[in-house]
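Numbering (my numbering), first residue to last: 412 to 714.
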């Protein structure tokens with residue numbers, strides 16, 4: 412890369428930081444209006460709530476990782492189909508009480524893990540519902556090894572949009588490195604988000620322009636940061652590999668009849684796709700990133 416290109420790229424980076432710092436200051440008071448949910452409470456309660464009457468219930472719980480042993484917030488969705496059978500999307504490690512509540516709603520026929528690495532809750536749930544069909548996104552080799560104990564063949568939904576369980580539509584974000592998949596329920600007009608969009612940093616990788624990945628920020632299918640107790644609508648992580656593919660998917664999403672967004676790490680937004688997604692895309696105002704550079708913006712105010 413020539414020195415002139417490096418100077419130009421650095422100028423774009425400086426412009427980005429200046430823009431984002433200004434945005435963060437302007438939105439600081441706004442972000443604090445959102446409900447406080449501490450991720451540090453050791454006794455984080457797991458509870459089930461009805462989101463769409465007779466159709467969708469959600470369970471928030473703690474997800475522990477090697478990096479964050481105190482746990483982060485995860486949200487599972489239970490969808491009741493027309494025949495009264497149940498599909499669990501993003502299964503967590505449920506408490507016995509939650510398992511009992513789920514069983515009281517109907518028979519679990521499918522378990523769906525919508526992102527790479529999300530196997531702990533999935534495997535635990537197969538113990539409670541061993542006859543349920545397992546659906547996943549693409550899995551890494553170590554995750555595939557842990558899934559070899561499954562009694563039924565795993566069905567991969569990471570290709571093009573699919574209808575599964577006859578009533579739900581899987582929407583793969585094929586441009587995202589974590590292989591995330593959203594689920595659309597036409598019956599309730601709910602868009603159930605994947606799990607990974609949660610960290611306060613935004614990572615762009617191998618993109619032609621920042622505008623290419625701007626659409627990723629607008630999804631809003633996230634909870635907040637790992638460390639902040641309040642939950643702003645603009646703290647997220649997105650690792651985009653093929654931005655033009657994501658842009659195409661987002662355009663298609665505007666055509667869906669959506670009035671509720673169920674966020675992968677907790678939180679529910681009542682809004683149409685047009686009202687919720689499009690306004691969040693306007694912060695990107697510049698371009699010029701080089702394909703062979705990686706940029707890392709640490710900022711919690713991209714709303």
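All residues carry an ideal CB built from backbone N, CA and C; glycine is no exception.
Query, Result
"Closest by C-alpha distance to residue 495, when choosing among 519, 602 and 671", "519"
"Chain-order list of residues whose beta-carbon lies under 7 Å from that of residue 466 (same chain, five-residue window excluded)", "490, 491, 598 and 599"
"Sequence ranges, alpha helix (DSSP H) only - wholly within the segment 461-527, length at least 4", "507-516"
"Residues of its chain near residue 459, where Cβ-Cβ distance is below 8 Å and the 5 sequence neighbours each way are ignored", "468, 469, 470, 489, 509, 512 and 513"
"Whole-angstrom C-beta distance between residue 602 and residue 672, which should lie under 8 Å", "5 Å"
"7 Å Cβ cutoff met for residue 522 and residue 534", "no"
"Sequence-distant residues of its chain with Cβ nearer than 7 Å to residue 493 (five each side left out)", "578"
"Option in 583, 516 and 540 with minimal Cα separation from residue 503", "540"
"Top-ranked residue by Cα proximity to residue 561, from 546, 666 and 505", "546"
"Buried or exposed (CB count within 10 angstroms, at least 16 for buried), residue 515", "exposed"
"Range covered by the beta strand (DSSP E) that runs through residue 601", "601-603"
"DSSP state of residue 663 mapped onto helix, strand, coil", "helix"
"Buried or exposed by the 16-neighbour rule on C-beta atoms within 10 Å, applied to residue 563", "exposed"
"Buried versus exposed, by CB contacts within 10 Å (16 or more), residue 498", "buried"
"Three-state secondary structure (DSSP) of residue 592", "strand"
"Enclosing alpha helix (DSSP H) for residue 579 [first to last residue]", "Per DSSP, residue 579 belongs to no alpha helix (DSSP H); it is in the beta strand (DSSP E), 579-583."
"Residue 530, enclosing beta strand (DSSP E) - first and last residue", "Premise fails: residue 530 is in no beta strand (DSSP E) and is neither H nor E."
"Cα-Cα separation, residue 544 to residue 500", "12 Å"
"Pairwise C-alpha distance: residue 680 and residue 524", "22 Å"
"Closest Cα partner of residue 486 within the set 457, 464 and 463", "457"
"Identified DSSP bridge partners for residue 458", "471"
"Beta-ladder partner(s) of residue 547, from DSSP", "524 and 567"
"Cβ-based burial, residue 566 [other Cβ within 10 Å; buried from 16]", "exposed"
"Three-state class that DSSP yields for residue 405 in the structure shown", "A question about residue 405 goes unanswered here, because the residues of the chain that appear run from 412 up to 714."
"Best match in 668, 596, 666 and 667 for proximity to residue 462 [C-alpha to C-alpha]", "596"
"Inter-residue Cα distance where the pair is residue 583 and residue 593", "6 Å"
"Same chain, Cβ closer than 7 Å to residue 506, five either side skipped, listed in chain order", "457"
"Residue 683 versus residue 580 - alpha carbon distance", "17 Å"
"Other residues of its chain near residue 517: CB distance less than 7 Å, five sequence neighbours each side excluded", "491, 495, 496 and 497"
"Residue 662, buried or exposed, once every other Cβ within 10 Å from all chains shown has been counted against 16", "exposed"
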